[in-house]
Amino acid sequence: FARNYNRWTPLDLAAYKGWTKTCQVLLKEGASVDLTDKNKTTPLHLASSSGHSRVVELLLEWGANVKLKDGQGRNCLDRAVENNQILAAKAVINSPVWKEALRNATMDPMTGHIETPMRKLIKHMPEIAQRAFDKCLNYGHEKNPDRSEYEITFDYEFLDDVYAPWIAEALAGETGSAGDATPSSDDDDAAPPHAQPYSTDANVLKKNHPLYIMILSERESLLAHPLVTSLLQYKWNTFGSFFYYLSFFIYCIFLVFLTGYMISSTPPYLFNETDGINIENNNCSLLSQPYQQPLFARIGTYVIIVLAAFNMLKELLQIYQSKLNYIGLTNLIEWVVYLTAVLLVINYNDCQKETGYRFEWQWSMGAITLFLAWFELVLLVQKFPRFGIYVVMFTDVLHTFSQFFIVFFLFIIAFALSFFTLLQKKFPFSSVTKSLIKTSVMLVGEFEFDDIFNDPETPLMYPEASYIVFVAFLIIMSIIIMNLLVGLAVDDIKAVQEQAALKRMAMRVELALDVERIIPHFIRRKVFSRRRTLRPNMIHSNPFRRAFTSSYLSPQALQKALNPELVKIEKVKTNQDRLSSQMRKVKQSVKSMKEQSQKLESMMKAIVKAQKIEW
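For the sequence shown, my numbering gives the first residue as 86, with consecutive numbering after it.
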């Protein structure tokens, strides 16, 4: 066939224009279905980019190769998604070669992350991604969900592609013909012995994971899909639960001993002042009475040091894996807790070891350490989906308050300075610092009105101005500002509650990926599985196994997820899509009839002219 200046063949042009009949004629006459132009685009690429789903289906029926890539490494499915051609993408996913179409990878020049067709579908076409998820579920010989033999096989090749060989092949630049690349075997469930992840950066593997992309894109329906829930459960049951609960248990032991140490130890102010000085100078022989450190505190010293050292080693491992992405509030609090806990329990002389005496700075630091340690426990509980939603509410409200705090604090300064100026004779306002503290306390209702304004021993020096400022404080701070804070908190909590299901799913994903991130690759590679076969009826008939299995994977949940009940608007949309498809077919038939009528008319005119018949 002839080519134009773009090296397009007639089939290229027909595919680009969506001329299905022309494509059929050209293919029947021997047109090559996979010829490429100067940009390495094929007729299938052009039809996919233009959204001509019927041409795409026709080319696939004639054996068009979905593995072929254009000059930028994109295959037909990539081009359909990037051009927002839903019908073309749907035609590719519904074809028998849908797996080959999904086995492609390109590098995003903006982020430097791996891009695959599945990731693009999740971001831009969630309904097509859900169709692909459905096709990753294979039923066994028993398809009745009420029978005990009912089983489903989940294929995670495109959802958990860390060790996918086709990603490495694509990144190696093997973008030639289909024969250049080694196809992935559908029979290999485990990762090869020497398989390597597509990135050595653990943070990239987390943030570029399809599961994490669903969180960022807020794809609640995809997160609730049985394929996703089964993968999360598999990751959690395989290694996530062991490592996470072990780490959580160790921290709880550390917290118990730290709390017990502070409770059982004697505060330094209860020691005789002279004895305290002698202990600090390591002169135990000069003590007025014998002192002995409690047994729990003595044991707790060694337990706290050992557990703090273990946790700091764990944090160093996370720093090695996460690099700069390690920096965060939670990790900072952990380091402060572990370091200050060690400084708290360390004895700096023999006399201190014998008596259990803590220096003043140690005791003050211990109080702060204890608070931060329990606060860190709250942040750890956040990772539990059942309780974490309430911690999310707290952190959201705290974040909103931190944004409003500057304005809030300016009002406190304004009234504190006014009270200091007018009421310096009163002890709570005798200095600027005390005035700031007292003004802040007054916000929660502790005014002490009679002691300040009606005390006969210290009458007001400027009563008129004092009452005016106090009334202004009541209106602005106690009514307006406090109600504003309540309103902001209510809005934040309402927003979290509206997305509670999505937040819980997101926490499950983050927990699974965070635990997976700290596990060495040789362990992850060993337990990696591309497929998993599940018999939900046998699992949920066993009470013990049911307790450790996600309710999302019950037979009823699987059927509901795979066959969801449509709401009214979805039913209308489905009917509209069906009518649109029928209208397209009618339109095509009318167009074909019109073309035939024109041909008949031309033939009749030619016959009339040839026979010289008067018309």
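All C-beta atoms in this analysis are idealised placements derived from N, C-alpha and C, irrespective of residue type, glycine included.
Contacting residues, own chain, Cβ-Cβ under 6 Å from residue i (five flanking each side not counted)
i    : result
F328 : V600
A632 : Note that A632 scores a pLDDT of 45, beneath 50, so its modelled location is shaky; the value from the coordinates is reported in the next line. Cβ neighbours of A632 beyond the five flanking positions: none.
K106 : none
F243 : L187, M203
K205 : V166
L414 : none
Under the three-state DSSP convention, the category residue i falls into
i    : result
D246 : coil
E303 : coil
N368 : coil
T543 : coil
M192 : strand
Y224 : strand
D577 : helix
E200 : strand
A275 : strand
H310 : coil
Y101 : helix
A695 : helix
R216 : helix
L162 : helix
R92  : coil
P548 : helix
L685 : helix
W446 : helix
S180 : coil
K690 : helix
W147 : coil
H209 : helix
S515 : coil
I294 : The residue you asked about is not Ile; residue 294 is His in the sequence shown. It is coil, neither helix nor strand.
N124 : coil
S677 : helix
G264 : Note on G264: pLDDT 40, under 50, position unreliable in the model; no value is reported.
D155 : coil
Residue span of the alpha helix (DSSP H) that contains residue i, given as start and end
i    : result
Y336 : 326-349
R602 : 585-602
F381 : 380-407
H130 : 128-135
D435 : 435-440
E531 : Per DSSP, E531 belongs to no alpha helix (DSSP H) and is neither H nor E.
G606 : First, the residue type needs correcting, since residue 606 is His and not Gly in the sequence shown. It spans 606-612 - the alpha helix (DSSP H) in which H606 sits, taken as one unbroken run.
W420 : 414-430
Member of the options whose CA lies at the smallest distance from the CA of residue i
i    : options                : result
R609 : Q661, V177, I335, P282 : P282
T359 : N368, P352, T323       : N368
L222 : Y101, A255, T618       : T618
Q582 : Y475, A691, L457, M546 : Y475
A132 : K113, L111, A165, L112 : A165
P194 : Y346, A597, L256       : L256
W321 : A586, K468, D535       : K468
K291 : K611, E595, R616       : E595
P181 : A586, A149, K208       : A149
S520 : L457, F613, I498       : I498
T351 : L398, L340, E445       : E445
T121 : Q403, G103, H137, R92  : R92
Y241 : S682, V671, F613       : F613
I237 : P621, I431, F218       : P621
S449 : A190, H294, T425       : T425
V140 : L96, D163, N396, G158  : L96
F486 : F534, Q447, M567, Y433 : M567
E303 : Q584, L495, A691, R602 : Q584
F532 : T506, M562, E542       : M562
K113 : K125, S134, L143       : L143
D481 : L598, K399, L464, P277 : L464
K408 : E146, R593, Q488, V289 : V289
Own chain partners of residue i with C-beta closer than 8 Å, once the 5 adjacent residues on each side are dropped
i    : result
E212 : I171
E439 : C369, Y376, Q377, Q378
K523 : A501, F504, P513, F514
R216 : K175, I178, N179
E419 : N396, E400, E461
First and last residue of the uninterrupted beta strand (DSSP E) at residue i
i    : result
R617 : 616-619
D240 : 237-240
Close Cβ partners of residue i (< 7 Å) along its chain, the five nearest in sequence each way excluded
i    : result
I604 : F324, F328
I390 : V427, V430
A280 : Y248, R610
Residue i: CB within 6 Å of a non-hydrogen atom of the ligand COA
i    : result
N189 : The ligand COA is absent from the structure shown, which contains no ligands of any kind.
* **Inter-stretch contact at 8 Å, needing at least 3 Cβ pairs: the segment 544-559 / the segment 567-574** => No, the segment 544-559 is not in contact with the segment 567-574.
* If we count Cβ pairs, one from each stretch, closer than 8 Å, do we get three or more for the segment 336-345 versus the segment 451-458? -> Between the segment 336-345 and the segment 451-458 there are three or more inter-stretch CB-CB distances shorter than 8 Å, so the stretches are counted as touching.
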